[in-house]
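Have a look at the structure below before the remarks.
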Amino acid sequence: MKLELKIENKKIFSPLKDKWLVLTPEEKVRQEYICRLVNHYGYSLDQMQQEVTVAEGNKRGTGRASADIVIWKNKDEVEKKAPSIVVECKADNIDIVEGDYFQGSHYARYVKAPFFVTTNLKHTKVFKVNLEGYPKDLEDEILDIPTSEDLQSDKKVKNLLTQTKAFTRDEFSNLLLRCHNIIRNNDKLSPEAAFDETSKILFMKIRYERNPDEDNIFSLKQFKKQEAHYEKNIRPINVKRNGPKDDIPYMDYWFELTKDEFKDDDLFDPNEKIRIKQASFEAIVKALEIYNLSTTSDDVKGIAFEKFLGKTFRGELGQFFTPRTVVDYMVEVLDPQEGETICDPCCGSGGFLIKAFEYVRSKIENEIKKAKEEIKLKHYTDDYYKASKKEQEKIDQKVNDLFSLLNTELDIRNPESRLRQLSYDCIFGTDANPRMARTAKMNMIMHGDGHGGVHHHDGLLNVNGIFEERFDLILTNPPFGARVEKSLKVTEQDKYTDKIRIEKYKKRYGDRYTRALKQINDNIGKSVLSLFDTGKMSSLTEVLFIERCLDLLKPGGRMGIVLPEGVLNNTKLQKVRDYVEGNAKIVNITSIPQDVFIASGATVKPSLLFFKKFTKEEANEYTTILKTAKKNAENKREKEITVLQDKIKTRGIDKEEKKELKEKLKQVQQQMEDEIKMEVKTKFDYEIPIVEVEKAGISTTGTKIENELEPIAKEFTKYRIEKRLWNDHYTTVQYDEYDGKFQRIVAFGEPEIFYTIYENIEE
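Heads up, the sequence shown is in full-length UniProt numbering, so the first residue is 1 and it goes up one at a time.
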């Protein structure tokens, strides 16, 4: 018999206590989850208990060890043996953050229950409990708890406990590849086209599962049920109202709804259709129904999707993928900070942007975690353990409320949150390949967002928020070896014409955006090469992107770029190197083996170059030194050059002698150039760390090997702090309770009131 939720007159019935309780958001979640345990997992009421507390040694700063729901293997073991599952519930408006569920996790460890569940019903996480010792944190997140029937089998319980996030990532990645192969085999599409179709279904699934309950999986059964309703009640009305254009199968209708939901993200072309057979579609829906993408954690989805990308695009589109070990190293070397703007003008599948996003997000999460530990230490004092149960409950409620406020900092839907500002104000990228720009957006959504600043556009040209002197950091791996032909012009098609978005960007960026539009609008018909100083020196794409990246940086901004080693040692590119040295300091050169990029299709030996664009003061200093050096060299060589020039102009001089004089003049001018460079290098002198790496974590076949980049990154961090290679933009954020309000305190800034006032909380 199905257990139903009972609510009457602001009270809710608890079947485990057999009485009516005051209806609160948390109590509602607790009773709904009890219904789920009975109806979905098959547990009986007589093998569960509600609200169980234990005195756990009263460790300062830990609070009580308590559980909302405790489940035993069977009714005969209740209170006689260790329980199997401990559940802690929070109100459905509170996001799941592992550390907030400390009371339940303490209880689970104390009673040695192997499974610990955290739930707010919208999201549920299951953890394996470390039964050895007393670790600070829980062990791995796992896939699910056992059903009542499976709990009786030690083998099935052991199997569930091994299905960790790492296991799930690999399983999910392999499942995506199987879905891809279904399309390749049934519909005979190319790998890239099959990827597009798999992605469409993934986002149809995400749309459906955004507000999940136990029945809200995008399953084949659910699809068939809704398809029958559509064919009977919706399709005939749509055709009657709008004609043949709306006479489409339910599969296509569902995709139209998905396109509409994601229209602001530019994931799909407005005219895009599902291009596979319904049989393929249904087979993929069936294969994916074991996962709820709304409750599957971002790191599982993100890393699995990234692995799927690598396997799918290895070959034709391999150049769009920078190996993860290289990405990790470059991000750690540049050490992005909260509030810094970051861009990749050749973003490919988004690897650099995702890593930078995760790197900064981790810093924010650690500060929130530290703030929570301080709250616990403040409120869970010796007085707490001497207080009555009622007083303890008040303090627990206050701690929970404060934690809820802190969690809003990690809520991307909150326009004032730190994570929202990181996602929407700090991460930008563009790629000229439409499939890769779209893939980067999808990849970032799978990793937890930050995709709003990614655009399909030529990375050499301004678009939306990507324009000159906008960024603190550039991380990029530009295309190698290709050339920008002189015939390539700036055209009307390069203009950004979305008037609504133009107004939005003008409002956001002001006059800077209006000026940025001129790079295209004022140069229609001109060669793209003519927009760049280095365009006179070389038409290689990697050369133009060096200048483009320096242009995008603010004064003092820093940059990491993957370049072919020829940029460093090819004599034909000396002027390019001179250009770089006249605009930025080289802070690190890391040479890596060619093996690293062979798996991605590269055929040249790469180097990782790190620059810091001159600050205004450095630019002025360099200009002054250069002017002085030129003047000194000219004074030294002026007479010699004048004599040679006069001789060349002398009438009656024979051709051979004139040729020799011109060659001599050229040599003297080159000597003067060399003297200028030498004086500049002497007076504008600084160290350049050069690192030669033999093993960079990946072999020619793409398998993992020793990674020397990891210790080098840490060593470089110490070096650059000691040498003060750049000014750190550290923003230290602390939180404080003051006068009934919660404050966010930014280092060296004024305290600001933090969103919400907590009310009705007594000390």
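Cβ coordinates follow ideal geometry from the N, Cα and C atoms, glycine included.
Tell me the DSSP secondary structure of L402 in three-state form. Three-state DSSP puts L402 in a helix.
For the alpha helix (DSSP H) that R207 lies in, which residues bound it at each end? Where R207 is concerned, the enclosing alpha helix (DSSP H) stretches over P191 to Y208.
Within 10 angstroms of the Cβ of E409, are there 16 or more other Cβ atoms? Answer buried if so, exposed if not. By the 10 Å Cβ count, E409 comes out buried.
So, under 8 Å CB-CB, G429 and D335 are touching, yes? Tell me the CB distance rounded to an integer number of Å. For a cut-off of 8 Å, the C-beta gap from G429 to D335 is around 19 Å, too long to register as a contact.
Given a cut-off of 7 Å on the beta-carbon distance, is the pair Y359 and L709 in contact? Between Y359 and L709, the C-beta gap is not smaller than 7 Å, which leaves the two residues out of contact.
State the beta-bridge partners of C89 as determined by DSSP. Bridge partners of C89: T119.
Below 7 Å between beta carbons: does that hold for E227 and Y250? Contact: yes.
Going by the beta-carbon positions, is the gap between C35 and L16 smaller than 7 Å? C35 places its beta carbon 7 Å or farther from that of L16.
What does the Cβ neighbour count give for P564, buried or exposed, with the cut at 16 atoms within 10 Å? Under this definition P564 is a buried residue.
Report yes if the C-beta distance between I466 and K495 is below 7 Å; otherwise report no. At least 7 Å separates the beta-carbon of I466 from that of K495.
Flag this pair as touching only if the segment 473-486 and the segment 550-565 have three or more C-beta atom pairs under 8 Å; answer yes or no. Touching, yes.
Which of helix, strand or coil DSSP assigns to W72: In the structure shown, W72 falls within a coil segment according to DSSP collapsed to helix, strand and coil.
When we look at the beta-carbon of E274 and count the other beta-carbons within 10 Å, is it buried (16 or more) or exposed? Residue 274 is actually Ile in this sequence, not Glu. Buried, since its Cβ has 16 or more Cβ neighbours within 10 Å.
Excluding sequence positions up to five away, which residues of its chain have a Cβ less than 6 Å from the Cβ of G351? Take G351, set aside five residues on each side of it, and the residues of its chain with a beta-carbon closer than 6 Å to its own are T322 and V327, in chain order.
From L406 to I368, what distance separates their C-alpha atoms? Near 7 Å, if we compare the C-alpha coordinates of I368 and L406.
Classify D411 as helix, strand or coil using the three-state DSSP reduction. DSSP, read as helix, strand or coil, puts D411 in coil.
Distance check for R184 and F308, CA to CA, integer angstroms please. Roughly 15 Å between the two C-alpha positions.
Using only the alpha-carbon positions, how far apart do E88 and L45 sit? Approximately 17 Å, taken between the alpha carbons.
Please list the segments of the beta strand (DSSP E) lying wholly inside the segment 458-485, counting only runs of 3 or more residues, in order along the chain. Within the segment 458-485, the complete beta strand (DSSP E) runs of at least 3 residues are 471-476.
On the DSSP bridge assignment, give the partners of I12 in chain order. Looking at the DSSP assignment, I12 forms a beta bridge with I7 and L21.
Measuring alpha carbon to alpha carbon, tell me which residue in R483, N583 and T514 is nearest S538. Considering only R483, N583 and T514, the residue with the shortest C-alpha distance to S538 is R483.
Selected residue, minimal CA-CA separation from R207, among E197, F218 and T198: For the options E197, F218 and T198, the alpha carbon positioned closest to that of R207 is the one of F218.
Separation of K723 from E618, as counted between CA atoms: Approximately 16 Å, taken between the alpha carbons.
In this structure, how does DSSP classify residue 774 when only helix, strand and coil are distinguished? Look at the range of the chain in this structure, 1 to 763, and you will see that residue 774 is not part of it.
Quick check: the segment 438-455 against the segment 531-547, are at least 3 beta-carbon pairs closer than 8 Å? Judged by Cβ distances under 8 Å, the segment 531-547 makes no contact with the segment 438-455, as fewer than three pairs qualify.
Is it the case that the segment 627-645 contacts the segment 602-617, given that we only count it when at least three CB pairs across the two stretches are under 8 Å? No, they do not touch.
Going by DSSP, what residues sit across from R558 in a beta bridge? In the DSSP assignment, R558 is bridged to L473 and K612.
Buried or exposed for M447, please, with buried defined as at least 16 other CB atoms from any protein chain shown within 10 angstroms of its CB. It is His, not Met, that sits at residue 447 in the sequence shown. Around the beta carbon of H447, a 10 Å sphere encloses 16 or more other beta carbons of the protein chains shown; the residue is thus reported as buried.
Which class does N130 belong to by DSSP, given the choice of helix, strand or coil? In the structure shown, the three-state DSSP call for N130 is coil.
Rounded to whole angstroms, what's the CA-CA distance from F754 to K156? Just pull it up for me. Residue placement at F754 is flagged as unreliable, the pLDDT there being 46, under the threshold of 50; the coordinate-derived value follows with that caveat. Those two C-alpha atoms are separated by around 47 Å.
Neighbour-count burial assignment, R169, 16 or more Cβ in a 10 Å radius: Under this definition R169 is a buried residue.
Using the C-alpha atoms, what's the distance from I12 back to G302? Rounded to the nearest angstrom, the two C-alpha atoms are 39 Å apart.
Determine the extent of the alpha helix (DSSP H) in which G566 is found, giving its start and end residues. G566 to N569 is the span of the alpha helix (DSSP H), which, as asked, contains G566.
If distances are taken between C-alpha atoms only, which option among D76, K80 and S84 comes closest to V70? Cα-wise, what sits closest to V70 is S84.
For T701, name the three-state secondary structure that DSSP assigns. DSSP places T701 in coil when its eight states are reduced to three.
Suppose you measure from the CA of N9 to the CA of K224; what does that come to, to the nearest Å? So the alpha carbons of these two residues sit roughly 39 Å apart.
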